[in-house]
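Okay, so here's the structure we're looking at.
2 protein chains.
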Amino acid sequence: MSQSQLKNQYDKIKSQRLNLDMSRGKPGEDVTSLSNGMLNLPGDNFTALNGFDCRNYGVLDGLPEAKSLFAPILGVTHDELIIGGNSSLQMMYDAITRAMLVGVSEETMGSGGWAKQGSIKFICPVPGYDRHFSICESLGIEMLTVSMDENGPDMDTIEKLVSEDDSIKGIWCIPIYSNPTGITYSDEVVRRFAKLKPKANDFRLFWDCAYAVHHLTDTPIKLLNILEECKKSDNADLVYMFASTSKITFPGGGVGFMAASKNNCDFIRKHMGFQTIGTDKLNQLRHVQFFGGFDGIVAHMKKIQTVLKPKFDTVIEILERELAPHNLGTWYTPNGGYFISFDGNEGTAKKTVQLCKEAGVVLTEAGAVFPYQNDPLNRNIRIAPTLPPLEELKSAMEIFCISVKLANDFY
Amino acid sequence: MSQSQLKNQYDKIKSQRLNLDMSRGKPGEDVTSLSNGMLNLPGDNFTALNGFDCRNYGVLDGLPEAKSLFAPILGVTHDELIIGGNSSLQMMYDAITRAMLVGVSEETMGSGGWAKQGSIKFICPVPGYDRHFSICESLGIEMLTVSMDENGPDMDTIEKLVSEDDSIKGIWCIPIYSNPTGITYSDEVVRRFAKLKPKANDFRLFWDCAYAVHHLTDTPIKLLNILEECKKSDNADLVYMFASTSKITFPGGGVGFMAASKNNCDFIRKHMGFQTIGTDKLNQLRHVQFFGGFDGIVAHMKKIQTVLKPKFDTVIEILERELAPHNLGTWYTPNGGYFISFDGNEGTAKKTVQLCKEAGVVLTEAGAVFPYQNDPLNRNIRIAPTLPPLEELKSAMEIFCISVKLANDFY
Chain F
257 MSQSQLKNQY DKIKSQRLNL DMSRGKPGED VTSLSNGMLN LPGDNFTALN
307 GFDCRNYGVL DGLPEAKSLF APILGVTHDE LIIGGNSSLQ MMYDAITRAM
357 LVGVSEETMG SGGWAKQGSI KFICPVPGYD RHFSICESLG IEMLTVSMDE
407 NGPDMDTIEK LVSEDDSIKG IWCIPIYSNP TGITYSDEVV RRFAKLKPKA
457 NDFRLFWDCA YAVHHLTDTP IKLLNILEEC KKSDNADLVY MFASTSKITF
507 PGGGVGFMAA SKNNCDFIRK HMGFQTIGTD KLNQLRHVQF FGGFDGIVAH
557 MKKIQTVLKP KFDTVIEILE RELAPHNLGT WYTPNGGYFI SFDGNEGTAK
607 KTVQLCKEAG VVLTEAGAVF PYQNDPLNRN IRIAPTLPPL EELKSAMEIF
657 CISVKLANDF Y
Chain Y
257 MSQSQLKNQY DKIKSQRLNL DMSRGKPGED VTSLSNGMLN LPGDNFTALN
307 GFDCRNYGVL DGLPEAKSLF APILGVTHDE LIIGGNSSLQ MMYDAITRAM
357 LVGVSEETMG SGGWAKQGSI KFICPVPGYD RHFSICESLG IEMLTVSMDE
407 NGPDMDTIEK LVSEDDSIKG IWCIPIYSNP TGITYSDEVV RRFAKLKPKA
457 NDFRLFWDCA YAVHHLTDTP IKLLNILEEC KKSDNADLVY MFASTSKITF
507 PGGGVGFMAA SKNNCDFIRK HMGFQTIGTD KLNQLRHVQF FGGFDGIVAH
557 MKKIQTVLKP KFDTVIEILE RELAPHNLGT WYTPNGGYFI SFDGNEGTAK
607 KTVQLCKEAG VVLTEAGAVF PYQNDPLNRN IRIAPTLPPL EELKSAMEIF
657 CISVKLANDF Y
């Protein structure tokens, strides 16, 4: 295609004044409506199995039946699970502010929390989740980037960093169907994480299993259980795990939860008890009644898979057809999760995103998936295919591919 | 009555093995059931007035119609209101941790937040709310007690303290139907608060209006609007206000919110945006649909008043009958709120609570309403009459009065 042909094609689309959003990991109405049955619950059934009236105060860290529902998602016991409010992000933020102000355990409280130990650092495998990085940035925590491949982060570098520098207090991990790359950590990577011996005794892994049950194939990848592996290495207190139903039921109307060793959870429960009297048990009950049990979640995720699989297939197909033959970018075909991470040629990401925007397609800002919004090679773009209906997604991806070509001066 | 008669009476009740709870400010089933109509909402009506689909991400600080519902409770505009999760206590805790880690405004961020300024202090009018004090204690904030009378806290002392000591960063206030005394701050006290000129430029009033609409009479006390008064004194950023529907609809299943100057709220919204993507809009919608508008809340509180008034009357009647003639204690008859604060004779509170406990009546621990659980005169007991049904409450108060007499060696 000549330059003028491509530009004509672009201008023609631009004139349609489209308004397509591929910027965030939001489900579409096609997914949220699958949970509409929850919207008139709990009705008259507001009593928990143990007789507790869920309309009143009490139960700090989650109803037993809600723990039974969510515990299998992370592979933990009730003692190792804390159910929070509507947001796992908030539980991560609170875990960090708590660690900063009071520490991570009774044993380390003498050191006064991270905030009293001078400047501290987190390791950030890249590309990663922008909201993880903005928590660190907002709290003045320095971020060290580490690269990733299809097996997970560069463990050689991580092992070296944490063993040498006791100002490194944490690392952000999205171990299954990672945001944005879609990769899942290999068993070896998980085991090496579990065996880390950080110099800082108040270091924690922030293990965000946001997409733990969000499979796109019928043969789901199995992530090794980090807490089990940590226990094997006498390292049980190393990890905080997080997940939520935001992308199972309703984003903002779901239930967030975290898991860790009983020792960690007891410390967190104690300090959480100063912060709140308890979380929203009625919403927990709503989820329990809607799903029945973990099998209900698995069946529900199959329905979501049916909606999302064609969207991911469409993105990959169009990328394969339009860009692969011309070496205009690389990507990984994810087996689950919410994103496709596109690595274009160096220096082209910002221009591509800008061209898309002018043609009515909003993408995540280029660089957003790097700490300080700084993609040193200016080449990564996160594609979020879940929100637009399939036909709109096709249009958006056509615009995306034209924009990539224009940004590469490829005609 | 002779000593042996009184002891016999006590032993007789003890043998009944009662199990009565007057320990916490919990509503009974007689109050929570008034909101049962909310339990099957929102049903199919999940779209906000502005077209927003409440089943998905978005809207950081509250739906416009939820702001319209709650703003009149605190007398503020939408810009001055932030709707949170299910707990106003959590908003208070978060306001403090945020102030500790990032500060209270763009202007004061250079100082690095309270946590970077050495040891800091809060003023605590006593008696007060135990959960306010335990937030301070858990975060290592020193508490300075200030006395209260029927008009509010001792303003002479407060004005002196905050003008001289820039390590004093806040004060806990429950300005209407105070926990536990039931008093409401006089107009003069509110105006003196609004005119405070603290030495610390990052000082804030923590103005907890937990009982703002919880009247027990048909001629409610009107609390002066602190934010309006602060504006008049060119002091708009001085105050954070808090409230929730915990004791309007469902404790733990309600909606918490806070209010402050637009300047304060903008700063909080910015940092709240790092903590969460947004709060539970479906629960906000549920409240909007159930109440219709603020008038619906007022009508609902009348129903609650009908349930609670006889309980408060019963407590006061029994105290008046059994203890007043013998100078065994003093109390204030509240016009609203959730508590009656009993001041016994010096040195008798712990023994009274213990005797009640042995006879099957659980009260709040003696001293709980003072910082560090330390009532220097060991005389205050918080009575929470809302949870027990009326007949049980009568039994509990009989036991209470017998216990007071025994603790005083009064026969």
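Just so you know, the protein sequences line up as chains F and Y, in that order.
Our numbering applies: residue 257 is where the first sequence begins, and numbers increase by one.
Our numbering applies: residue 257 is where the second sequence begins, and numbers increase by one.
Think of the CB as a built atom: it goes at the ideal place given N, C-alpha and C, for glycine as much as any other residue.
In the assembly as shown, residue 293(Y) is an exposed residue. Its beta-carbon has fewer than 16 other beta-carbons within 10 Å.
Closest by C-alpha distance to residue 631(F), out of 539(F), 601(F) and 432(F), is 601(F). A Cβ-Cβ distance of about 5 Å is found for the pair residue 313(F) and residue 282(Y), placing them in contact under the 8 Å criterion. What residue 358(F) touches in chain Y, judged by beta-carbon distance under 9 Å, is 394, 395 and 396, going in chain order. The three-state reading of DSSP puts residue 379(Y) in strand, counting E and B together. Any Cβ of chain Y closer than 9 Å to the Cβ of residue 628(F) would place that residue at the interface, and such an atom is absent.
Counted as a single uninterrupted DSSP element, the beta strand (DSSP E) harbouring residue 424(Y) occupies residues 424 to 429.
Annotated three-state conformation of residue 399(F) is strand, per DSSP.
Taking 9 Å as the cut-off, the beta carbon of residue 345(Y) is found closer than this to the beta carbon of residue 533(F).
The C-alpha of residue 417(Y) is placed about 58 Å away from the C-alpha of residue 614(F). Secondary structure of residue 515(Y) (DSSP, three-state): strand. Of all residues in the segment 297 to 312 of chain F, the ones placed with a Cβ closer than 9 Å to any Cβ belonging to chain Y are 297, 298, 299, 300, 301, 302, 309, 310, 311 and 312, in chain order. Contact annotation for residue 538(F) against chain Y: 506 and 509 [CB-CB distance below 7 Å, chain order].
In this structure residue 477(Y) does not touch residue 463(Y) by the C-beta definition: roughly 16 Å separates them, more than the 8 Å allowed.
At a beta-carbon threshold of 8 Å, the residues of chain F lying near residue 390(Y) are 530, ordered along the chain. For a Cβ distance threshold of 7 Å, nothing in chain Y lies close to residue 377(F): the least Cβ distance comes to about 16 Å. Taken in chain order, the unbroken stretches of beta strand (DSSP E) that lie wholly in the segment 568 to 656 of chain Y and span 3 residues or more are 596 to 600, 617 to 619 and 636 to 639. The beta carbon of residue 285(Y) sits closer than 9 Å to some beta carbon of chain F.
Within the DSSP bridge table, the entry for residue 463(F) names 429(F) and 497(F) as partners. For residue 452(Y), there is no enclosing alpha helix (DSSP H), as DSSP gives it neither H nor E.
Under the 8 Å Cβ criterion, the segment 467 to 474 of chain Y does not count as touching the segment 299 to 319 of chain Y, having fewer than three qualifying pairs. Within the segment 269 to 336 of chain Y, the runs of alpha helix (DSSP H) that reach at least 4 residues and sit entirely inside it are, in chain order, 285 to 288 and 320 to 330. The alpha-carbon of residue 317(F) is positioned some 26 Å away from that of residue 371(F). From the listed residues 500(Y), 489(Y), 595(Y) and 467(Y), the smallest Cα separation to residue 341(Y) is found for 500(Y). Neighbourhood of residue 353(F) in chain Y, by CB distance below 9 Å: 350, 353, 354, 356, 357 and 531, in chain order.
Within chain F, no C-beta atom comes less than 9 Å from the C-beta of residue 460(Y); the nearest is roughly 17 Å away. Counting along the chain, residue 416(F) sits inside the alpha helix (DSSP H) bounded by residues 411 to 420. When C-beta distances to chain Y are compared with 8 Å, the residues of the segment 534 to 561 of chain F below that value are 534, 535, 536, 537, 538 and 539, in chain order. Residue 395(F) holds the alpha-carbon nearest to the alpha-carbon of residue 526(Y) among 395(F), 573(F), 450(F) and 343(F).
In the structure shown, residue 369(F) falls within a coil segment according to DSSP collapsed to helix, strand and coil. For residue 257(Y), the secondary structure class from DSSP, reduced to helix, strand or coil, is coil. Under the Cβ criterion of 9 Å, residue 373(Y) is not counted among the residues facing chain F. Flagged as an interface residue toward chain Y: residue 291(F), by a C-beta distance shorter than 9 Å.
For residue 543(Y), the enclosing alpha helix (DSSP H) stretches over residues 537 to 547. Residue 667(Y) places its beta carbon 9 Å or farther from that of residue 393(Y). Excluding the 5 residues flanking it on each side, residue 413(F) has same chain C-beta neighbours closer than 6 Å at 402, in chain order.
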